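Quick note on my numbering: the sequence shown kicks off at 1 and runs consecutively.
See structure below.
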Amino acid sequence: MATLCMGSAPIYQNACIHNFRLQRPRRFISKAMTKTIPDAYPLDLRRRSGNYQPSSWDHSYLLSIENKYVEEDLHATALEFRLLRQHGFGVSEDIFDVIIDKIESNTFKSDNITSIITLYEASYLSTKSDTKLHKVIRPFATEQIRNFVDDESETYNIMLREMAIHALEIPYHWRMRRLETRWYIDAYEKKHDMNLFLAEFAKIDFNIVQTAHQEDVKYVSCWWKETGLGSQLHFVRDRIVENYFWTVGMIYEPQFGYIRRIVAIVAALITVIDDIYDIYGTPEELELFTAMVQNWDINRLDELPEYMKLCFLTLFNEINAMGCDVLKCKNIDVIPYFKKSWADLCKAYLVEAKWYKGGYKPSVEEYMQNAWISISAPTMLIHFYCAFSDQISVQILESLVQQQQDVVRCSATVLRLANDLATSPDELARGDVLKSVQCYMHETGVSEEEARTHVQQMISHTWDEMNYEARTVARSSSLLSRGFVETAMNLARMSQCMYQHVDGHGCPDKAKIVDRVQTLLVDPIPLD
Numbered sequence: 001m002a003t004l005c006m007g008s009a010p011i012y013q014n015a016c017i018h019n020f021r022l023q024r025p026r027r028f029i030s031k032a033m034t035k036t037i038p039d040a041y042p043l044d045l046r047r048r049s050g051n052y053q054p055s056s057w058d059h060s061y062l063l064s065i066e067n068k069y070v071e072e073d074l075h076a077t078a079l080e081f082r083l084l085r086q087h088g089f090g091v092s093e094d095i096f097d098v099i100i101d102k103i104e105s106n107t108f109k110s111d112n113i114t115s116i117i118t119l120y121e122a123s124y125l126s127t128k129s130d131t132k133l134h135k136v137i138r139p140f141a142t143e144q145i146r147n148f149v150d151d152e153s154e155t156y157n158i159m160l161r162e163m164a165i166h167a168l169e170i171p172y173h174w175r176m177r178r179l180e181t182r183w184y185i186d187a188y189e190k191k192h193d194m195n196l197f198l199a200e201f202a203k204i205d206f207n208i209v210q211t212a213h214q215e216d217v218k219y220v221s222c223w224w225k226e227t228g229l230g231s232q233l234h235f236v237r238d239r240i241v242e243n244y245f246w247t248v249g250m251i252y253e254p255q256f257g258y259i260r261r262i263v264a265i266v267a268a269l270i271t272v273i274d275d276i277y278d279i280y281g282t283p284e285e286l287e288l289f290t291a292m293v294q295n296w297d298i299n300r301l302d303e304l305p306e307y308m309k310l311c312f313l314t315l316f317n318e319i320n321a322m323g324c325d326v327l328k329c330k331n332i333d334v335i336p337y338f339k340k341s342w343a344d345l346c347k348a349y350l351v352e353a354k355w356y357k358g359g360y361k362p363s364v365e366e367y368m369q370n371a372w373i374s375i376s377a378p379t380m381l382i383h384f385y386c387a388f389s390d391q392i393s394v395q396i397l398e399s400l401v402q403q404q405q406d407v408v409r410c411s412a413t414v415l416r417l418a419n420d421l422a423t424s425p426d427e428l429a430r431g432d433v434l435k436s437v438q439c440y441m442h443e444t445g446v447s448e449e450e451a452r453t454h455v456q457q458m459i460s461h462t463w464d465e466m467n468y469e470a471r472t473v474a475r476s477s478s479l480l481s482r483g484f485v486e487t488a489m490n491l492a493r494m495s496q497c498m499y500q501h502v503d504g505h506g507c508p509d510k511a512k513i514v515d516r517v518q519t520l521l522v523d524p525i526p527l528d
């Protein structure tokens, strides 16, 4: 089943837009060249749509957005810039030079906050080399939006204020796509010129996709109960719904239910093993478990303490079963690569356990070298790759287990840093290694507030790197598929959803995750 949601990520194999692919988007091009796009074509709809196929646009089109009307048609220009960069085109930041000159000379004037919000959103498609976006465009747009929000005289337009506040919280490029879809359906209905039929269609589509997710939740919940991990290991967090919620953030389309179930099971096993290393296992027991995972030998099960036996046996059976499915369907043995990813994860957990037991305080660099693995993103993504890819490349598998894919490292780094910002107090209290915030404080002597600001800057810089890697993959003959790269980025987006307030995985009630799960997985949108 295809899905066409406002606010969605690029949709793969979408039959609904097949005919659109065959034509150049003439109106979209011509309006960029002839000043202003009329209000009859509400740009907010296209702003939220990801269903553009860059293969239908040649490079001569890119030149058409570099025109003398860039200031008068700022909304369209910024929107085009964001969409083209989102799909791998190397559009230069120089298209904003006219705006930048006026900003720097204090002569820029715009009463259109919609254009400023669009410019702000476009700035987050930046890469490391985009100094103008970093130093001029983003600070300027942020200040303008804040001024608009603070201006009490601007309360007449409820939707614009909501969009401005929403953008300042987290930019669209960093947001979980499915949650953004749900938010925008509500926001769109507040537009005075909203299309009633489009709004109703979006609601129906959302509810249909939600039913597919509900079937997935039933499946993984039954699996969790049958394993006995939650009932027999009293120290383990029971987070099976939250584990599944992660997968909706990674790839929500209904046709990928099998993949979500696989990744949710992987996430549940990661949570159990993380709790063993963090709060329950002794140093000697953790050494044994790490060796057992590395050897992958079920005949040595008796060497483990009783509580670890169930965990390892479940891990052993589930991962072998996943590998068997891949072998039957795709004719390649991926179990050795799965084993390597789990062994690396457990080794990273063991390093952190030793740091904690020994009172060791690593530098930020040393911490991150281990922490981007211990956050488990590489383990989740290699299982996703094998379930998602029609043809599995041994070269890609090798690069994944050898930790050579920069897009995976970037995704994992954002996940780790977002986790650190949200969970440091909770995890330190229960007995965990120092996080990046504390490592930076110890290394530099700065305050916690300054350390947190630094970590937030690290997240922003990592997004720049990830944007560059995504564009490189889209424009080159990389063996990595666009779908894999988008999912890796979605994992980073999901981390900023889960850890936006506090630890959404460890403390879902405090983090408002329960409300978000209820909204996306339980409550359908009422139809008029």
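Backbone N, C-alpha and C define an ideal beta-carbon position, used for all residues, glycine too.
Please read these numbers as outputs of a predicted model, since none were measured by experiment.
| request: Would you mind stating whether R471 and G230 have Cβ atoms separated by less than 7 angstroms? | output: For the purposes of this step, residue 471 is taken as residue 471 along the sequence shown, with counting starting at 1. For the purposes of this step, residue 230 is taken as residue 230 along the sequence shown, with counting starting at 1. Not in contact: R471 and G230 (Cβ atoms no closer than 7 angstroms).
| field | When K109, S92, F108, R146 are compared against S126, the one with the closest alpha-carbon | value | Your numbering for residue 126 matches position 126 in the sequence shown. Taking only the C-alpha atoms, the option nearest S126 is S92.
| Do the CB positions of Y280 and F312 come within less than 7 angstroms of each other? | To locate residue 280, count along the sequence shown from 1; it is residue 280. To locate residue 312, count along the sequence shown from 1; it is residue 312. No, these two residues do not count as a Cβ contact at 7 angstroms.
| task | Evaluate the contact criterion for the region 213-228 versus the region 183-203: three or more CB pairs, one atom per stretch, below 8 angstroms. | result | The count of Cβ pairs closer than 8 angstroms, one atom from the region 213-228 and one from the region 183-203, stays below three, leaving the stretches out of contact.
| query | Which value, in whole angstroms, describes the spacing of the CA atoms of D390 and S481? | reply | By one-based count along the sequence shown, residue 390 stands at place 390. By one-based count along the sequence shown, residue 481 stands at place 481. Rounded to the nearest angstrom, the two C-alpha atoms are 10 angstroms apart.
| said: So, with DSSP's three-state summary, where would you put H192? | reply: Against the sequence shown, residue 192 aligns to sequence position 192. H192 falls in the coil class under three-state DSSP.
| message | Just verifying my parser: in three-state terms, what is the DSSP assignment at L288? | response | Taking the first residue of the sequence shown as 1, we reach residue 288 at position 288. If DSSP states are grouped into helix, strand and coil, L288 belongs with the helices.
| Per-residue burial, Q144 [other beta carbons within 10 Å of its own, 16 or more giving buried] | For this step, residue 144 is matched to residue 144 along the sequence shown. So Q144 counts as buried.
| Distance CB(V408)-CB(P378) smaller than 7 angstroms | On the sequence shown, position 408 is the one that residue 408 refers to. On the sequence shown, position 378 is the one that residue 378 refers to. In contact: V408 and P378 (Cβ atoms closer than 7 angstroms).
| Coil, strand or helix - E318 by DSSP | If you number the sequence shown from 1, residue 318 lands on position 318. Helix at E318.
| message | Does G228 pass the burial test, meaning 16 or more other C-beta atoms within 10 Å, or should it be called exposed? | response | As a working note, residue 228 is residue 228 in the sequence shown. G228 is exposed by the Cβ-count criterion.
| query | So, are the CB atoms of Y277 and Y356 less than 7 angstroms apart? | reply | Position 277 of the sequence shown, counting from 1, holds the residue named residue 277. Position 356 of the sequence shown, counting from 1, holds the residue named residue 356. Not closer than 7 angstroms, so no.
| said: If you reduce the DSSP assignment to three classes, tell me which class T282 lands in. | reply: The sequence position of residue 282 within the sequence shown is 282, counting from 1. Correct three-state label for T282: coil.
| field | Between the CA atoms of L288 and Y360 - distance to the nearest angstrom | value | If you number the sequence shown from 1, residue 360 lands on position 360. If you number the sequence shown from 1, residue 288 lands on position 288. Whole-angstrom Cα-Cα distance: 22 angstroms.
| message | Quick check on this structure: which residue in Q402, Q369, H383 has the alpha carbon closest to the alpha carbon of L417? | response | As a working note, residue 417 is residue 417 in the sequence shown. If we check each option's Cα against that of L417, Q369 comes out closest.
| Whether M494 touches W246 by CB criterion (7 angstroms) | If you number the sequence shown from 1, residue 494 lands on position 494. If you number the sequence shown from 1, residue 246 lands on position 246. Taking 7 angstroms as the Cβ cut-off, M494 and W246 qualify as a contacting pair.
| task | Report, in whole angstroms, the separation of the C-beta atoms of Y172 and A141, which I expect to be a contact under 8 angstroms. | result | Your numbering for residue 172 matches position 172 in the sequence shown. Your numbering for residue 141 matches position 141 in the sequence shown. With 8 angstroms as the limit, Y172 and A141 do not qualify as a contact, their Cβ atoms being about 13 angstroms apart.
| Three or more beta-carbon pairs under 8 angstroms between the region 261-268 and the region 296-308, yes or no? | no
| query | Quick one: is Y124 buried, meaning 16 or more other Cβ sit within 10 Å of its Cβ, or exposed? | reply | Looking up residue 124 in the sequence shown gives position 124. It counts as buried.
| My guess is that I240 and I251 are in contact by the Cβ rule of under 8 angstroms, so how many angstroms apart are they, rounded? | Taking the sequence shown and counting its residues from 1, the one referred to as residue 240 is at position 240. Taking the sequence shown and counting its residues from 1, the one referred to as residue 251 is at position 251. The pair is not a contact, with the Cβ atoms about 18 angstroms apart (cut-off 8 angstroms).
| query | Is L160 closer than 7 angstroms to I116 when the C-beta atoms are compared? | reply | Walking along the sequence shown from the start, residue 116 turns up at place 116. Walking along the sequence shown from the start, residue 160 turns up at place 160. Against a cut-off of 7 angstroms, the Cβ pair of L160 and I116 comes out as no contact.
| message | Quick check: is the beta carbon of E104 nearer than 7 angstroms to any beta carbon in chain D? | response | The chain inventory of the structure shown lacks chain D, comprising one protein chain alone.
| task | Measure the alpha-carbon distance for E200 versus N207 and round it to whole angstroms. | result | On the sequence shown, residue 200 is found 200 positions in, with the first residue counted as 1. On the sequence shown, residue 207 is found 207 positions in, with the first residue counted as 1. Going by the C-alpha atoms only, they are around 11 angstroms apart.
| request: Check whether the Cβ atoms of L84 and T118 sit closer than 7 angstroms, and answer yes or no. | output: The sequence position of residue 84 within the sequence shown is 84, counting from 1. The sequence position of residue 118 within the sequence shown is 118, counting from 1. Taking a C-beta distance under 7 angstroms as the contact criterion, L84 and T118 do not qualify as a contact pair.
| Comparing alpha-carbon positions, which option in Y385, F316, H75, C329 lies nearest S549? | Nothing in the structure corresponds to residue 549, since the chain is present only between 1 and 528.
| task | Check T127 in the structure and name its three-state DSSP category. | result | Taking the sequence shown and counting its residues from 1, one reaches residue 127 at position 127. Here T127 sits in coil by DSSP.
| field | Per-residue burial, H192 [other beta carbons within 10 Å of its own, 16 or more giving buried] | value | Numbered from its first residue, the sequence shown carries residue 192 at position 192. Burial call: exposed.
| said: Can you list, in chain order, the residues of its chain with a C-beta nearer than 6 angstroms to that of S55? Leave out the 5 residues immediately preceding and following it. | reply: Position 55 of the sequence shown, counted from the first residue, corresponds to residue 55. In this prediction, S55 scores a pLDDT of 49, lower than 50, which makes its location untrustworthy; no coordinate-derived value is stated.
| said: Suppose the cutoff is 6 angstroms on Cβ atoms and the five residues either side in sequence are ignored; what does the same chain contact list for T462 look like? | reply: Translated into the one-based positions of the sequence shown, residue 462 becomes position 462. If we look at T462 and ignore the five residues flanking it on each side, its Cβ neighbours are C410, T413, V414.
| query | How would you call G445, buried or exposed, if buried means at least 16 neighbouring beta carbons within 10 angstroms? | reply | Taking the sequence shown and counting its residues from 1, the one referred to as residue 445 is at position 445. Classification for G445: exposed.
| said: Which residue wins for smallest C-alpha separation from Q500, given the options L179, Y337, P336? | reply: Looking up residue 500 in the sequence shown gives position 500. It is L179.
| query | How is the alpha helix (DSSP H) around P378 delimited, first residue to last? | reply | For the purposes of this step, residue 378 is taken as the residue at position 378 of the sequence shown. Per DSSP, P378 belongs to the alpha helix (DSSP H) from 377-388.
| field | Alpha carbon of T77 to alpha carbon of M176, nearest angstrom | value | For the purposes of this step, residue 77 is identified with residue 77 of the sequence shown, where counting begins at 1. For the purposes of this step, residue 176 is identified with residue 176 of the sequence shown, where counting begins at 1. Between T77 and M176, the C-alpha separation is close to 24 angstroms.
| request: Can you have a look at D151 and say buried or exposed, based on whether 16 or more other CB atoms are within 10 angstroms of its CB? | output: In the sequence shown, residue 151 corresponds to position 151, counting from 1. Under this definition D151 is an exposed residue.
| query | Going by C-alpha distance, which of W372, E448, D515, R516 is nearest A492? | reply | What you label residue 492 is simply residue 492 of the sequence shown in a count that begins at 1. Nearest in C-alpha terms to A492, of all of W372, E448, D515, R516, is W372.
| message | What residue range does the alpha helix (DSSP H) around Q438 cover? | response | In the sequence shown, residue 438 corresponds to position 438, counting from 1. Counting along the chain, the alpha helix (DSSP H) containing Q438 begins and ends at 436-444.
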